[in-house]
Every structure is written in structure tokens, then in C-alpha cells.
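Enquirer: Pasting in a structure now, in C-alpha cells, and then I'll have a few things to ask.
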Amino acid sequence: MSNRRRGVVVAVCVGAVLLAGGAVAAVTLAPTQGTNQEEPVSSIRTGTAPITAGDLAGTTQASGTLDYADQRTIGGGTGVVTSTPAPGSTVSLGGTLYAVANVPVTLLHGPLPAWRTFEAGMSDGPDVQQLEQSLAALGYFDREPDGEFAASTARAIERWQKALGVEETGRLELGSVVFMPGDVRIASVDAAVGTTASDKVVTVSSLVKRIDVPLKLADQRLGVVGTKVDVNLPGGQRTTGTVTDVGVPTESDADGQKKVTIPVGITLDDPAAAAELQRATVTVGFPTERRENVLSVPVQALIAIDDEHFGVEVVDGKGKHRQVPVTTGLFADGRVEVSGDGIREGLDVVVPVS
Numbered sequence: 053m054s055n056r057r058r059g060v061v062v063a064v065c066v067g068a069v070l071l072a073g074g075a076v077a078a079v080t081l082a083p084t085q086g087t088n089q090e091e092p093v094s095s096i097r098t099g100t101a102p103i104t105a106g107d108l109a110g111t112t113q114a115s116g117t118l119d120y121a122d123q124r125t126i127g128g129g130t131g132v133v134t135s136t137p138a139p140g141s142t143v144s145l146g147g148t149l150y151a152v153a154n155v156p157v158t159l160l161h162g163p164l165p166a167w168r169t170f171e172a173g174m175s176d177g178p179d180v181q182q183l184e185q186s187l188a189a190l191g192y193f194d195r196e197p198d199g200e201f202a203a204s205t206a207r208a209i210e211r212w213q214k215a216l217g218v219e220e221t222g223r224l225e226l227g228s229v230v231f232m233p234g235d236v237r238i239a240s241v242d243a244a245v246g247t248t249a250s251d252k253v254v255t256v257s258s259l260v261k262r263i264d265v266p267l268k269l270a271d272q273r274l275g276v277v278g279t280k281v282d283v284n285l286p287g288g289q290r291t292t293g294t295v296t297d298v299g300v301p302t303e304s305d306a307d308g309q310k311k312v313t314i315p316v317g318i319t320l321d322d323p324a325a326a327a328e329l330q331r332a333t334v335t336v337g338f339p340t341e342r343r344e345n346v347l348s349v350p351v352q353a354l355i356a357i358d359d360e361h362f363g364v365e366v367v368d369g370k371g372k373h374r375q376v377p378v379t380t381g382l383f384a385d386g387r388v389e390v391s392g393d394g395i396r397e398g399l400d401v402v403v404p405v406s
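Just so you know, the sequence shown maps onto residues 53 to 406 in our numbering.
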């Protein structure tokens, strides 16, 4: 087989792989000059690669955004903003998110947002319990946390207020504390020091990164919670992730055209793989077809035996070459499933090399 013929086959096969993954590839062959002239054949170096046995998995590629999860805007208070944290910094339990009129707005832990002032005489509730749990973690509350705002709760608040250097009232005004499930990262500072406090002073996020993928409506079957996916990070680094949540179809307007996508959330199996990235565009490979314990060769090993049939060029132990017809199956990750008479694991086949 000529080098030109192998190159054409490789181009067609690569095009087939891209089409199977949802992309479009165009192969253009320049016409030869004249009617009876042979087209010059360029020299292509070749090597060998073994036929291997194993699992082969096809994927559909989708673009996503890696960013810190659970972003939320925080604000409130009456007066002038007097201090803000540095973007990218971490605020821990009991830390200051920002200050209004020199009074800190403090982070406490809990799943429920604050919706009322904490003070003597208030009714019992789970918000009181999570307040007491945070005060206990800070070392100011010495009883078993419950839902009752008791005298011990007020005394714990006073001790904490003394440590903060603010007026010791034993009560917490609505807006003076913010509950979040855990420590937070300052994603952005939205109000400058010296401006009037509003509902948007800082934006916070969790310390965990996630990937958000707007999956095409046609690919919604791929968005299944628990699915393992491949993730290509900037710089060529590869890692894996797990689908953690799938939203409902969402309509958006892009370049004047409406499209519907499925929001899919993914967490990294190894968060350290993206430790140096704050926000990035990534490519996610969702598994589609899978073949177990099949024989495969690099796509470049395929040759055209005739207009309808493919084969591979096998090299035996004595260096002799022979063409063997094959039936192709799944194309995935630059390899193709092959089967046929005389095809077995360990045989070497010819492949072009750069």
C-alpha cells in the first residue's frame, strides 16, 4: 500500500471518529494536474504498534467551566462600609466578612440563613441551635446546644462580643452574622470601602471547586448522577470527575439564537489536580459506548483494502509484511476496535510515525 493511500485512509477514519463524537471534520484532497500524471508521493516514516486487548470506551466531549462552588452574594447593614477582605482570601468560623460603621459582620456555620434577631424572649428554633453550635465551637458556649435562647446563650454572646471588641449586648441584630455550611472563600469584593452598604458587599463561595457543563439537549441521556467522566484541564493535564447533580432544561440566548441545555454539575475526584487553577474552561468526556475485552489498534494502522473494506498491515516475527482484512467496531481515544481471521493480541501492525 502506498504512503498516500494510508494517509487518505487515516484522514477518513479520523473524520469518522470526530463525527461520532459530535464534531465535524472536512477532508479536502487537491486535484492532480493533468489527466495521466502520477501525483507525487511523499515519504512517510513508519513504525509498529501491537494489537492490544482490553476495554474501549467512547466519549462525547462537552465544554465546561471550572470554578469555586456555591457562590453567593452577601450584603446588608446600615452605614458606610469600613473594611473588606482581600479577594481570594479565606474566612473561617468567627471571621469577619466585612464591616459596616466599624462593626464586623461575622461568619458562623449552619445550613439555615439568619432571618431574625437573636435575643432573650425569642421563640425556640433550629437557627438558635446552630448559633449555639458555632458559639460552642468558638469556645464561648459550654452547654449542650439546643433550640432555646436561654440566659446561657446570652452570656456566651456577651463573651464573644467582648473578644470582638464590640458592645456587649447579649443579642445579635439581624445582619450581624451570616450562616454558611462551612468556611468560605472571598470570590469578589463588590462594594468599595467608604461606600454605603447595600445588599451586595462581597461574593463568597465554598472552598471546593466544581465543573458546570451546559449539556446539549440531544445529549441529556449522558447526564446521570454518579457517572464517572474524564476531564481535560488547561495545559494538557487530564483527571477524572463524578457527576453530582443534573438540573432541568434551561433556555438561554446566544448570539440572538435561543438554545436549551441541561446544567450538569461535576466534582473532581482529585481536587489537587486543579489546585493552581481559580477559574478555567475545561473539556469533559462523557462515556457513551463501551466495549469490554476487545482487540484494538491505533486508528492510523487502518488501511483501505478496497473501496469498502479495511485492513491492517501485520509484521510477523521475521519482519515479513502482510495485509489482513479486519472488521472495525468502536472508535475511541485514538484507537479502533478490530476483529477478523488471524487478528490476535500481541501482533505488530504498521503505523505512520512523525
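Note that beta-carbon positions come from the ideal geometry of N, C-alpha and C, so glycine has one too.
So, with DSSP's three-state summary, where would you put I209?
Expert: As a first step, residue 209 is located in the sequence shown; it is residue number 157 there, counting from the start. Looking at I209 - three-state DSSP - the assignment turns out to be helix.
Enquirer: Have a look at the DSSP bridge pairing and note the partners of M232.
Expert: Position 180 of the sequence shown holds residue 232. Paired residue(s): H161.
Enquirer: Can you grab the Cα-Cα spacing for the pair L187 / V245, in whole Å?
Expert: For the purposes of this step, residue 187 is taken as the residue at position 135 of the sequence shown. For the purposes of this step, residue 245 is taken as the residue at position 193 of the sequence shown. Each residue's alpha carbon lies about 29 Å from the other.
Enquirer: Would the beta-carbon of L118 fall within 9 Å of that of L285?
Expert: Taking the sequence shown and counting its residues from 1, one reaches residue 118 at position 66. Taking the sequence shown and counting its residues from 1, one reaches residue 285 at position 233. The answer is yes: Cβ separation under 9 Å.
Enquirer: Using three-state DSSP, classify K268 as helix, strand or coil.
Expert: Here residue 268 is taken as the residue at index 216 of the sequence shown, counted from 1. DSSP places K268 in strand when its eight states are reduced to three.
Enquirer: Compute the Euclidean distance between the alpha carbons of A384 and V256, then round it to the nearest angstrom.
Expert: Numbered from its first residue, the sequence shown carries residue 384 at position 332. Numbered from its first residue, the sequence shown carries residue 256 at position 204. Cα-Cα distance, rounded: 40 Å.
Enquirer: Does DSSP put L226 in a helix, in a strand, or in coil?
Expert: In the sequence shown, the residue the question calls residue 226 occupies position 174. Of the three classes helix, strand and coil, the one that applies to L226 here is coil, per DSSP.
Enquirer: Within 10 angstroms of its Cβ, does W167 collect 16 or more other Cβ (buried), or is it exposed?
Expert: Residue numbering aside, residue 167 sits at position 115 when the sequence shown is read from its first letter. Result: exposed.
Enquirer: How should D194 be labelled, buried or exposed, when 16 other C-beta atoms within 10 angstroms of its C-beta is the threshold for buried?
Expert: The count along the sequence shown starts at 1 and reaches residue 194 at position 142. D194 is exposed by the Cβ-count criterion.
Enquirer: Helix, strand or coil: how does DSSP classify D179 here?
Expert: Residue mapping note: residue 179 aligns to position 127 of the sequence shown, counting from 1. Here D179 sits in helix by DSSP.
Enquirer: For A188, does the three-state DSSP call read helix, strand or coil?
Expert: For the purposes of this step, residue 188 is taken as the residue at position 136 of the sequence shown. Reduced to three states, the DSSP call for A188 is helix.
Enquirer: Which partner residues of N284 appear in the DSSP bridge assignment?
Expert: The count along the sequence shown starts at 1 and reaches residue 284 at position 232. DSSP output for N284 lists R290, T335 as bridge partner(s).
Enquirer: Helix, strand or coil: which one does DSSP assign to R387?
Expert: Here the question's residue 387 lines up with position 335 in the sequence shown. The answer is strand: DSSP assigns R387 an E or B state.
Enquirer: Comparing alpha-carbon positions, which option in E219, E184, Q272, V265 lies nearest F408?
Expert: The structure shown does not extend to residue 408, since the chain is modelled only from 53 to 406, so the question has no answer here.
Enquirer: Who are the Cβ neighbours of G299 in its own chain at under 6 Å, not counting the five residues just before and after it?
Expert: Residue 299 sits at position 247 when you count from the first residue of the sequence shown. Within the same chain, G299 has close Cβ partners P315.
Enquirer: Could you compute how far the alpha carbon of A239 sits from the alpha carbon of T125?
Expert: For the purposes of this step, residue 239 is taken as the residue at position 187 of the sequence shown. For the purposes of this step, residue 125 is taken as the residue at position 73 of the sequence shown. Whole-angstrom Cα-Cα distance: 9 Å.
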